[in-house]
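Participant:
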Amino acid sequence: NLLGYEMHAWAMDPATHALNHSARGAAYGSGLALGNMDVDGDGDDASAAQMSVGDGVFYDEDIKHAIVDDDPQELSTPAELPIYYRLGADGDWRKIAATTYPVNPAAGGSNMATWNQFTGGAWQLTEVTTNQYTLSHILATNNQDEPVIVIMGQSDYATKNAARAGAEVEIQNLVWGALGSLTPEFVPIATVIFQTKSSWGNAVKSKVVSTDTGDDYVDWRSSTGSRAAISGVTDHGLLSGLADDDHAQYLRHDGTRELSADWGLGDTFGLLEVPYVSFNLSFADARP
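When we follow the UniProt record's numbering, the leftmost residue of the sequence shown carries the number 1, and every step to the right adds one.
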């Protein structure tokens, strides 16, 4: 269970709290960096799939949450983080007790990483295909016993670049279900890319791999609160595919897409009622 601290000061009126809770959510303050990571290391080594979480602060309206190693959660190397995932047709949330790995090994002896799949109308744990990738989303919460948690990735990926792109998609579109009411109390810290391989020898047969830009993990700490859309792309001009001609419902200003349609102008206007009219309609000329 998640037991969160939510005791606001008497000076905060209910209307202000409701606005901040619904529109803004919790906000990052300082610290909480991941560290002591053996990124792109040897999958036979435990250190290749482990990390630490630094002390830090986040804010839930007027509440300052200070997260400190060993008070009570072990966050120094290796950090011990519980993993949450959904299960069954109702999508009930389940917790995997904290270990020294922020990724879950599959049951049945394979020990490769799992991801949280929705298939056939129900949630399940699915083993990642050997030599492929999945994600672990690490969040700071107001949970008094284990404030730093992992949300298991909800997809798997064939390549590292696909996993990095998937981090953007997943963090904005995690299917929270009943936990959705608590997300305003959470602050995303990081998304870590894990590769898993059946021949590796550590307990989870996985290792952390660097991002496409060489970073140890995808860092969300500078993003806004949990209610806002979280994205590493903040400039529209940096989006890919801007030159793609994929909006066929619009005319092109250069005239390369012809105007063709059955136009109905209603009963109050008809071109045939205006004698000797000819005109050349140019959308380019109509611009202010």
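Beta carbons are placed, not taken as given, at the ideal position from N, Cα and C, and that holds for glycine.
Just so you know, these numbers come straight off a predicted model, no measurement behind them.
Can you tell me whether P72 is buried or exposed, with buried defined as 16 or more other CB within 10 angstroms of its CB?
Facilitator: Within the sequence shown, residue 72 is the residue found at index 72, counting from 1. Counting the other Cβ atoms within 10 Å of the Cβ of P72 gives fewer than 16, which makes it exposed.
Participant: Name the DSSP beta bridge partners of residue 292, please?
Facilitator: There is no way to answer for residue 292, as the model of the chain reaches only from 1 to 288.
Participant: Keeping to the same chain, check which residues put their C-beta closer than 7 Å to that of D69; ignore five residues upstream and five downstream.
Facilitator: Position 69 of the sequence shown, counted from the start, is the residue given in the question as residue 69. Excluding positions up to five away in sequence, the list reads D55, L75, S76.
Participant: Rounded to whole angstroms, what is the Cα-Cα separation between T141 and I189?
Facilitator: For the purposes of this step, residue 141 is taken as residue 141 along the sequence shown, with counting starting at 1. For the purposes of this step, residue 189 is taken as residue 189 along the sequence shown, with counting starting at 1. Roughly 10 Å separates the two Cα atoms.
Participant: Closer than 8 Å is the cut-off here; do at least three beta carbon pairs connect the stretch 76–95 with the stretch 45–52?
Facilitator: yes
Participant: By the three-class DSSP mapping on this structure, what secondary structure does G201 have?
Facilitator: The sequence position of residue 201 within the sequence shown is 201, counting from 1. Reduced to three states, the DSSP call for G201 is coil.
Participant: In terms of alpha-carbon separation, which member of I149, Y84, A89 lies closest to K95?
Facilitator: Reading the sequence shown from its first residue, position 95 is the one you call residue 95. Of the listed residues, the one whose Cα sits closest to K95 is Y84.
Participant: Is it true that the CB of F194 sits closer than 7 Å to the CB of L210?
Facilitator: As a first step, residue 210 must be located in the sequence shown, where it is residue number 210. As a first step, residue 194 must be located in the sequence shown, where it is residue number 194. For the sequence presented, residue 210 should be read as Ser rather than Leu. For S210 and F194, no; Cβs fall outside 7 Å.
Participant: For Q154, count the other beta carbons within 10 Å of its own beta carbon; 16 or more makes it buried, fewer makes it exposed. Which is it?
Facilitator: As a first step, residue 154 is located in the sequence shown; it is residue number 154 there, counting from the start. So Q154 counts as buried.
Participant: From P105 to M51, what does the alpha carbon distance come to, in whole angstroms?
Facilitator: Along the sequence shown, one-based indexing puts residue 105 at 105. Along the sequence shown, one-based indexing puts residue 51 at 51. So the alpha carbons of these two residues sit roughly 17 Å apart.
Participant: Assign T100 to one of three DSSP states: helix, strand, or coil.
Facilitator: Here residue 100 refers to the residue found at position 100 when the sequence shown is read from its first residue. Coil at T100, not helix or strand.
Participant: Would you report the Cα separation of E61 and F186, rounded to the nearest angstrom?
Facilitator: By 1-based counting over the sequence shown, the position of residue 61 is 61. By 1-based counting over the sequence shown, the position of residue 186 is 186. In this structure, the CA atom of E61 is about 12 Å from the CA atom of F186.
Participant: Pull up the DSSP beta-bridge partners for G56, would you.
Facilitator: As a working note, residue 56 is residue 56 in the sequence shown. In DSSP, G56 forms a bridge with G31, I67.
Participant: Does the beta-carbon distance from G88 to A122 come in below 7 Å?
Facilitator: Here the question's residue 88 lines up with position 88 in the sequence shown. Here the question's residue 122 lines up with position 122 in the sequence shown. In contact: G88 and A122 (Cβ atoms closer than 7 Å).
Participant: Compute the Euclidean distance between the alpha carbons of D40 and K160, then round it to the nearest angstrom.
Facilitator: Translated into positions along the sequence shown, residue 40 becomes position 40. Translated into positions along the sequence shown, residue 160 becomes position 160. Their backbone Cα atoms lie some 12 Å apart in a straight line.
Participant: How would you call T213, buried or exposed, if buried means at least 16 neighbouring beta carbons within 10 angstroms?
Facilitator: The sequence position of residue 213 within the sequence shown is 213, counting from 1. T213 comes out exposed.
Participant: Return the chain-ordered ranges of every alpha helix (DSSP H) run that is complete within the stretch 160–199 and spans a minimum of 4 residues.
Facilitator: 160–173
Participant: I'd like to check one pair, S136 with V192: are the Cβ atoms closer than 7 Å?
Facilitator: The sequence position of residue 192 within the sequence shown is 192, counting from 1. The sequence position of residue 136 within the sequence shown is 136, counting from 1. For V192 and S136, yes; Cβs fall inside 7 Å.
Participant: Any idea if D216 is buried or exposed, counting beta-carbon neighbours within 10 angstroms, 16 or more meaning buried?
Facilitator: Against the sequence shown, residue 216 aligns to sequence position 216. Buried, because 16 or more other Cβ atoms sit within 10 Å of the Cβ of D216.
Participant: Which word fits L145, buried or exposed, when buried means at least 16 other C-beta atoms lie within 10 angstroms of its C-beta?
Facilitator: Stepping through the sequence shown from its first residue, residue 145 is reached at position 145. According to the sequence displayed, residue 145 carries Asp and not Leu. Classification for D145: exposed.
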